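So the sequences go chain by chain: Y and S.
Each residue of the first sequence is one higher than the one before, starting from 1 at the first, in this note's numbering.
Each residue of the second sequence is one higher than the one before, starting from 276 at the first, in this note's numbering.
Presented below is the structure to which this report refers.
Number of protein chains: 2
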Amino acid sequence: MKVKLASSYGFCFGVKRAIKIAESYENSSTMGPLIHNQNEINRLKNDYNVGLYNELGDVKENDTVIIRTHGIPKNDLKELKQKDAKVINATCPFVTTPQQIVKKMSQEQYSILIFGDEEHPEVKGVKSYATDDVHVVQQLSDLNTIHFKYDKIATVAQTTKKKEIYLDIVNHLILKNKEVRVFNTICDATFENQDAARELSKEVDIMIVIGGKNSSNTKQLHSICLENCANSYLIENKNELDNNWFTNHEICGITAGASTPDWIIQEVVDEIQKI
Amino acid sequence: MKVKLASSYGFCFGVKRAIKIAESYENSSTMGPLIHNQNEINRLKNDYNVGLYNELGDVKENDTVIIRTHGIPKNDLKELKQKDAKVINATCPFVTTPQQIVKKMSQEQYSILIFGDEEHPEVKGVKSYATDDVHVVQQLSDLNTIHFKYDKIATVAQTTKKKEIYLDIVNHLILKNKEVRVFNTICDATFENQDAARELSKEVDIMIVIGGKNSSNTKQLHSICLENCANSYLIENKNELDNNWFTNHEICGITAGASTPDWIIQEVVDEIQKI
């Protein structure tokens with residue numbers, strides 16, 4: 001069976017980059033879980049002895065500590081650097097950007113609005129770079145209780161948030177303030193995987209979508225593929241493949257959810273190529 | 276008959292201010308029509324000998340020249356100042372603001388987008404302050420043909436434009452660019468007159484709306500008043516008042532369209548108070 005991979009699938013750029021960094025520092029530890037994927041964290045532990053610290057206090061002198069993709073709060077980073085630990089920064093560049101924007105806009109006396117989940121490590125990190133008035137909102141109605149210090153507002157968004165809600169929020173601010181400086185920090189990775197799956201599913205005889213059956217972005221990919229290719233199947237790993245699906249077909253397209261490690265995808269590809 | 280004026284009516288702040296300035300410079304001339312109201316321009320000519328220049332070339336040494344509310348292009352202002360004429364600036368401060376924003380944002384290497392009518396004197400003036408990439412759009416679809424030099428866009432709007440369309444345009448830009456710096460330069464004057472008319476029409480027995488019968492903003496005021504007060508009448512001047520309207524009523528509310536001079540309003544007020 002011929003296999004064709006979607007032009008974009010699986011882990012995003014920032015996650016892939018962080019894994020490569022971790023693989024190149026054997027016996028290091030990450031500060032907080034490197035990425036939101038337990039399978040992959042286990043693999044890094046088993047294959048590269050990459051450990052995990054959950055508390056700054058646990059870090060010892062001469063440790064090599066990798067900063068997670070979501071970044072960490074500014075003061076935690078400062079403390080880490082003072083510990084004589086070797087600090088390797090695997091913060092996604094798309095997360096470093098809003099951190100630096102918030103820092104600069106604070107210095108220029110803008111009130112800062114972050115659209116995101118206050119409890120998410122990425123947002124905690126981004127927020128920590130504000131040196132003045134800063135607020136976090138999850139939805140439009142959260143604005144009702146906010147009083148901004150300045151009439152100049154700078155806004156950033158958590159990288160994985162929905163653009164439509166971000167626009168609703170900034171529109172409200174534009175109507176009420178002299179200046180709203182809108183930074184589009186939402187990452188296109190999720191949409192890129194969806195667009196690529198849509199395209200590929202039009203070209204192939206059968207589509208295999210690899211990812212967690214409870215993962216909302218994987219289910220979304222599956223439903224997009226079904227629109228164009230009735231022979232679309234969602235599997236978690238190679239063990240779920242059924243040879244009968246492939247009878248009388250020539251080309252199999254493959255995509256994967258944003259939490260699916262490359263090695264799981266590779267195992268599936270290898271298996272299908274044998275059919 | 277008791278008379279109560281709306282808390283906001285008639286000329287906006289910038290127009291009232293320009294008229295006061297013109298009245299205080301007898302025998303001066305304005306560069307272009309001071310405001311968009313021929314009645315008032317005639318009155319300034321008759322009562323204060325305030326003339327009108329349409330061409331820079333007509334200005335003579337020692338002339339006192341008043342800059343119109345909409346402002347003039349930067350180079351025209353420069354030329355005027357070099358002519359040894361006394362230049363009095365009656366540009367509305369709400370128009371000076373976008374001029375200065377465009378100047379500053381150009382210097383900071385933002386592409387500039389002006390939402391407005393390219394042929395309107397205000398927009399011509401605002402646009403002239405750009406020293407780099409600048410574009411004018413009237414509607415969302417105009418964006419299709421625009422190529423911005425930078426991925427940082429600063430936007431301003433003509434003061435009298437509709438906010439809804441401005442938001443549509445900036446939303447489109449936010450989705451496509453790293454940073455959109457949105458300056459809300461739309462003036463609330465029109466909406467303030469409408470809100471004030473709405474409130475007043477709920478309190479009074481009869482409402483008189485003074486303004487041109489072809490003026491869209493005056494008709495809008497009349498229709499708002501009719502929602503709350505069935506005895507609402509639109510008149511152009513005191514001669515159209517009908518005593519029968521006021522029979523058995525006690526309090527008369529008054530509002531006026533944005534092009535209605537104060538003296539026409541005053542004549543109506545004086546007439547009604549006699550009833």
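All C-beta atoms in this analysis are idealised placements derived from N, C-alpha and C, irrespective of residue type, glycine included.
The model shown is predicted, which means the values in this text are computed figures rather than measured ones.
For S/Cys500 and Y/Val156, what's the separation of their Cα atoms in angstroms?
Cα to Cα, the separation comes out at about 42 Å.
Taking the alpha-carbon of Y/Asn54 as reference, which of Y/Leu241, Y/Arg68, Y/Gly14 has the nearest alpha-carbon?
The residue with the shortest Cα to Cα distance from Y/Asn54 is Y/Arg68.
Tell me the residue span of the alpha helix (DSSP H) that contains S/Arg292.
First-last of the alpha helix (DSSP H) with S/Arg292: 288-298.
When the cut-off is 8 Å and only beta carbons count, does S/Asn555 lie next to chain Y?
Because chain S in this structure spans residues 276 to 550, residue 555 of chain S falls outside the shown range and cannot be described.
May I ask you to verify whether the segment 170-190 of chain Y touches the segment 139-157 of chain Y, counting CB pairs closer than 8 Å and requiring at least 3?
The segment 170-190 of chain Y, when compared against the segment 139-157 of chain Y, does touch it at the 8 Å Cβ threshold.
Pick helix, strand or coil for Y/Val204, following the three-state DSSP scheme.
In this structure, Y/Val204 counts as coil in the three-state DSSP scheme.
Under a Cβ-count criterion, where at least 16 other Cβ atoms within 10 Å of its own Cβ denotes burial, should S/Lys436 be classed as buried or exposed?
It is buried - the Cβ of S/Lys436 has at least 16 other Cβ atoms within 10 Å.
Determine the extent of the alpha helix (DSSP H) in which S/His497 is found, giving its start and end residues.
Per DSSP, S/His497 belongs to the alpha helix (DSSP H) from 491-503.
For Y/Asn175, go through chain S and note every residue whose CB falls closer than 8 Å to its CB, in chain order.
Position check: residue 175 of chain Y holds Leu in this sequence, whereas Asn was assumed. The answer, in chain order, is Lys438, Leu442, Asn459.
By alpha-carbon positions, which one of S/Leu509, S/Ile526, S/Val340, S/Thr366 ends up nearest to S/Gln357?
Per the Cα distances, S/Val340.
Tell me which residues share the same chain as S/Glu336 and place their Cβ nearer than 6 Å to its Cβ, disregarding the 5 neighbours each side in the sequence.
Cβ neighbours of S/Glu336 beyond the five flanking positions: Asp359.
Starting from S/Leu319 and walking both ways along the beta strand (DSSP E), at which residues does that stretch end?
Premise fails: S/Leu319 lies in the alpha helix (DSSP H), 313-323, not in any beta strand (DSSP E).
Could you tell me whether any Cβ in chain C is nearer than 8 Å to the Cβ of S/Glu397?
Given the protein chain composition of this structure (Y and S), no chain C is represented.
Counting only the same chain and skipping the five closest in sequence on each side, list residues whose C-beta sits under 6 Å from that of Y/Leu44.
Closer than 6 Å at Cβ, skipping near neighbours: Ala22, Val50.
Could you check if S/Asn489 is buried or exposed, using at least 16 other CB atoms within 10 Å of its CB as the buried criterion?
With fewer than 16 Cβ atoms within 10 Å of its Cβ, S/Asn489 is classed as exposed.
If we require 4 or more residues per run, which alpha helix (DSSP H) segments fall completely within the segment 110-179 of chain Y?
Counting whole runs of 4 or more residues, the segment 110-179 of chain Y contains the alpha helix (DSSP H) stretches 121-128, 163-176.
Between S/Glu454 and chain Y, is there a C-beta pair that is closer than 8 Å?
Yes, S/Glu454 counts as interfacial toward chain Y.
Distance, Cα to Cα, S/Val227 vs S/Glu546?
Residue 227 of chain S lies beyond the residue range present for chain S, which begins at 276 and ends at 550; the question has no answer from this structure.
Are there three or more Cβ pairs, one per stretch, closer than 8 Å when the segment 494-514 of chain S is compared with the segment 298-312 of chain S?
Segments in contact, no.
Going by alpha carbons, who is nearest to Y/Phe246 out of Y/Ile275, Y/Val87, Y/Leu77, Y/Val180?
That would be Y/Ile275, whose Cα lies nearest to the Cα of Y/Phe246.
For Y/Cys92, which of Y/Pro121, Y/Ser141, Y/Asp242 has the nearest alpha-carbon?
For Y/Cys92, the nearest C-alpha among the options comes from Y/Pro121.
Nearest to Y/Glu179 by alpha carbon, out of Y/Thr218, Y/Lys124, Y/Ile112, Y/Asn244?
Measuring from the Cα of Y/Glu179, the nearest candidate turns out to be Y/Ile112.
Tell me where the beta strand (DSSP E) around Y/Thr255 begins and ends.
Counting along the chain, the beta strand (DSSP E) containing Y/Thr255 begins and ends at 251-256.
Taking three-plus beta-carbon pairs below 8 Å as touching, is the segment 468-481 of chain S in contact with the segment 528-538 of chain S?
With a cut-off of 8 Å, the segment 528-538 of chain S and the segment 468-481 of chain S count as touching, because enough Cβ pairs lie within range.
What are the start and end residues of the beta strand (DSSP E) that includes S/Val278?
It spans 277-280 - the beta strand (DSSP E) in which S/Val278 sits, taken as one unbroken run.
Sorted by chain position, which residues of the same chain lie with C-beta nearer than 8 Å to Y/Met31's C-beta, five sequence neighbours on each side aside?
Within the same chain, Y/Met31 has close Cβ partners Tyr53, Leu56, Val59, Val65, Ile66, Ile67, Arg68, Ile72, Asp76, Leu80.
For Y/Ile235, does the count of other Cβ atoms within 10 angstroms reach 16, so buried, or fall short, so exposed?
Burial call: buried.
Contact between the segment 102-109 of chain Y and the segment 128-143 of chain Y is defined here as three or more beta-carbon pairs at a separation below 8 Å; is this criterion met?
Output reads yes: the segment 128-143 of chain Y touches the segment 102-109 of chain Y.
For the candidate residues Y/Tyr9, Y/Tyr48, Y/Met1, Y/Phe13, whose alpha-carbon lies nearest to that of Y/His222?
Residue Y/Tyr9 is the option with its Cα nearest to Y/His222.
Near S/Ala281, which residues of its chain fall below 6 Å by C-beta distance, leaving aside the five closest residues on each side in sequence?
Cβ neighbours of S/Ala281 beyond the five flanking positions: Ala471, Ala472, Leu475, Thr530.
Alpha carbon to alpha carbon, how far is Y/His172 from S/Asn321?
Those two C-alpha atoms are separated by around 47 Å.
DSSP three-state label for S/Val334, please.
Three-state result, S/Val334: coil.
Expressed to the nearest angstrom, what Euclidean distance is found between the alpha-carbon atoms of Y/Leu140 and Y/Leu175?
So the alpha carbons of these two residues sit roughly 13 Å apart.
Pull the bridge partners of Y/Gly51 from the DSSP assignment, please.
Beta-bridge pairing links Y/Gly51 to Y/Ser29.
Quick one: is Y/Gln109 buried, meaning 16 or more other Cβ sit within 10 Å of its Cβ, or exposed?
By the neighbour-count rule (16 or more Cβ atoms within 10 Å), Y/Gln109 is not buried but exposed.
Would you kindly report the start and end of the unbroken alpha helix (DSSP H) that includes Y/Ile265?
Here the alpha helix (DSSP H) through Y/Ile265 covers 262-274.
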